[in-house]
Ligand code: N01
């Protein structure tokens, strides 16, 4: 329904990635059909729409990295490439019948809780101009890794060659024969480096890789599915479910335990060291890429191609500190203070994303009149069950604080959170609650427990600085337990941990 200034909806979903799409499909299934999905991009897909760099692929097995309700017997590889995952999300979206409520190219400018009206007023900006939605609930799935972080390096703004972030790959830039530099050696960079190295090797070009911290990289046990396997997955759905279950439990029973026990991490560490020995012949280079912190402290990466690419003749690994960027070069400084200048034509920054500070929190104003980011400045980026936040009634995160994983599929977490949101909405309907807001006590207890559980993990004591940690050293991004515990804890909406309110006459009048 639209009045002169508001469009009324029951639910407003932010983002059309795996999280927002899952919420839309499941709400629709529940008969909660009065919703809108606001997406700033031009299509569904989230991170899998945005990250189109050469070599982009998932490092979680495809069988697990898909919705439980939409198996895909056609995955070509055990770790799917980005185009296939994006196509999968689009196919699921098209088949689900919910796309008619998606509004693309439209950004959420702000969301403010209207206490009198017991609703969110969400201002959006898109091709149709500025529009305000009045929504009973907001379900935010903006993605944990969606806002590229550019490095704060002197002079980088004045670089006169081509420059782009890994998550905003500029496909108009032809790399053939060029002098290219890439800053960063994280999950994105190690997928990009082998692809770019190949192009440059074939065309007389050169690549400089700027490494600040060496990553741990284990082999990628890739498997291409044969036609027979795909046929079997298609016609015997139980087979695909069994493959998914085996992968799920294999990861679940090993990785969470090894984050707390260095002895359990030893096999992974040995595999990573062997990966260096087999991938690199040059002893000096081998030493440069050997990490100096505990494996698992940062995300463990998987690749068979990264080390051989670094060892290629047309690649230099630069480990000196980047001092500045000039109009056409990167200037580094070694331990003695001596500087070196390397000229380049193209600069690729694979320097990651805004993570611990959740950019969307700067746009959301709660019941008390303060921004969620202001609350986070006081409490740390934190939510109850990674989903709800005191002061922000009827607001639900999908992929919120402390829901990230280093070892399994975020789609599993997303489905768990969506289940919780569905049950919250059902509880509100059944009991005629207009608002639900977690208590400060429940919030505090949940987060104290999480931070306590972080203490014995490699993320806290592994001797690295990672994007998992905020500026106070608090891990506000990862879930510290198994995913089946997470699923169990979010299976049912625990209304006793919430302050609830019935609809007021003033609010009813406004609707
Ligand atoms: O980003 P990152 P990413 N000067 O933050 C370096 C997911 N992902 O895009 O380690 C010099 O990991 C920084 O150095 P350091 C996955 O969850 C998944 O690669 O901080 N260097 C680091 O090397 C992943 O964890 C897939 O010392 C600077 C790099 O840039 C997450 O996305 C694929 C610098 C940033 O690494 C992010 O990965 C790809 C500076 N000023 C990504 N600033 C899958 O396959 C930063 N760096 C599912």
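Numbering (UniProt numbering), first residue to last: 1 to 511. We put the CB at the ideal spot given by N, CA and C, even for glycine. Just so it is clear, the structure is predicted and the values come from calculations on it, not from any experiment.
Grab me the residues of residue i's own chain with a C-beta within less than 6 Å of its C-beta, minus the 5 sequence neighbours each way, in chain order.
i: residue 331; result: 323, 324, 339, 341
i: residue 395; result: 138
i: residue 413; result: 403
i: residue 495; result: 427
i: residue 364; result: 111, 372
i: residue 106; result: 38, 124, 126
Going by DSSP, what residue range makes up the alpha helix (DSSP H) through residue i?
i: residue 281; result: Where residue 281 is concerned, there is no enclosing alpha helix (DSSP H), given that its DSSP letter is neither H nor E.
i: residue 235; result: 227-235
i: residue 307; result: 306-310
i: residue 50; result: 47-50
i: residue 375; result: 372-379
i: residue 299; result: Looking at the DSSP string, residue 299 is not in any alpha helix (DSSP H), and its letter there is neither H nor E.
i: residue 195; result: 187-201
i: residue 18; result: 18-29
i: residue 483; result: 483-489
i: residue 460; result: 458-461
i: residue 87; result: 82-96
Who are the near neighbours of residue i in its chain, counting only those whose CB is closer than 7 Å to its CB and skipping five residues on each side?
i: residue 463; result: 293, 294, 297
i: residue 229; result: none
i: residue 502; result: 432, 433, 434
i: residue 147; result: 353, 354, 359
i: residue 23; result: 13, 139, 141, 398, 418, 421
Assuming residue i and residue j form a contact by the criterion Cβ under 8 Å, report the distance between their Cβ atoms to the nearest whole angstrom.
i: residue 346; j: residue 178; result: 5 Å
i: residue 161; j: residue 344; result: 6 Å
i: residue 419; j: residue 386; result: Actually they are not in contact, since the Cβ atoms of residue 419 and residue 386 sit about 13 Å apart, beyond 8 Å.
i: residue 289; j: residue 310; result: 7 Å
i: residue 10; j: residue 39; result: About 18 Å separates the two Cβ atoms, so there is no contact after all.
i: residue 275; j: residue 200; result: Not confirmed; about 23 Å, so no contact.
i: residue 351; j: residue 184; result: 5 Å
i: residue 55; j: residue 191; result: 4 Å
i: residue 61; j: residue 35; result: With a Cβ gap of about 32 Å, residue 61 and residue 35 do not count as contacting.
i: residue 270; j: residue 216; result: Wrong, their Cβ atoms sit about 11 Å apart, outside the cutoff.
What does a CB cutoff of less than 8 Å around residue i pick up in its chain, not counting 5 residues either side in sequence?
i: residue 367; result: 113, 115, 391, 392, 393, 437
i: residue 51; result: 82, 166, 167, 169, 188
i: residue 240; result: 63, 71, 73, 233
What do you get for residue i, buried or exposed, if any count of 16 or more other CB atoms within 10 angstroms of its CB means buried?
i: residue 261; result: exposed
i: residue 231; result: exposed
i: residue 206; result: buried
i: residue 223; result: exposed
i: residue 75; result: buried
i: residue 42; result: exposed
i: residue 130; result: exposed
i: residue 86; result: buried
i: residue 208; result: buried
i: residue 407; result: buried
i: residue 221; result: exposed
i: residue 171; result: exposed
i: residue 103; result: buried
i: residue 249; result: exposed
i: residue 287; result: exposed
i: residue 415; result: buried
i: residue 26; result: buried
If I follow the unbroken beta strand (DSSP E) through residue i, where does it start and stop?
i: residue 324; result: 321-325
i: residue 126; result: 119-126
i: residue 129; result: 129-140
i: residue 318; result: 315-318
i: residue 8; result: 7-14
i: residue 434; result: 433-438
i: residue 113; result: 107-114
i: residue 180; result: 179-183
i: residue 339; result: 339-343
i: residue 397; result: 395-397
i: residue 494; result: Counting along the chain, residue 494 falls outside any beta strand (DSSP E), and DSSP gives it neither H nor E.
i: residue 35; result: 35-38
i: residue 332; result: 329-333
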